[in-house]
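Visitor: Residue numbers (our numbering): 26 to 118.
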Amino acid sequence: MKKLITLITAILINCAAFAQVPQIVSWQGIIQDANGNNLNGQFNVTCKLYDVATGGNALWTETHNNLQITDGLANISLGSVTTLNLPFDKQYW
């Protein structure tokens, strides 16, 4: 029994040692023009994460070129162009 507990403990410690914060975050949303119309087509979309809700500093930025948007729906993998190396111990905007 001691050997089984030791083995399970070793496996859990090993898994914890290799655990990492995800470097890519999926985001899905609706993108509209200034008149509230859903966009259709390919667009260059720049994504930024800020330290505060308004104003503040952009802590991370990446641009997705030729992103396909259909009826306003955009699916973006944040961190797929520029490494997302922020600590996830607080909220970003």
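From the three backbone atoms N, C-alpha and C, an ideal C-beta is built for every residue, glycine too.
In whole angstroms, what separates the C-alpha of residue 85 from that of residue 50?
Guide: If you take the alpha carbons of residue 85 and residue 50, they lie about 13 Å apart.
Visitor: Hey, residue 77 and residue 118 are a contact pair by Cβ (cut 8 Å); roughly how many whole angstroms apart?
Guide: Yes, they are in contact, since the Cβ atoms of residue 77 and residue 118 sit about 7 Å apart, within 8 Å.
Visitor: Based on Cα-Cα distance, which residue from 58, 61, 48 and 65 lies nearest to residue 96?
Guide: Among 58, 61, 48 and 65, the Cα nearest to that of residue 96 belongs to 65.
Visitor: Using the beta-carbon count (16 or more within 10 Å), is residue 101 buried or exposed?
Guide: By the 10 Å Cβ count, residue 101 comes out buried.
Visitor: Below 9 Å between beta carbons: does that hold for residue 87 and residue 111?
Guide: Cβ distance not < 9 Å, so residue 87 and residue 111 don't count as in contact.
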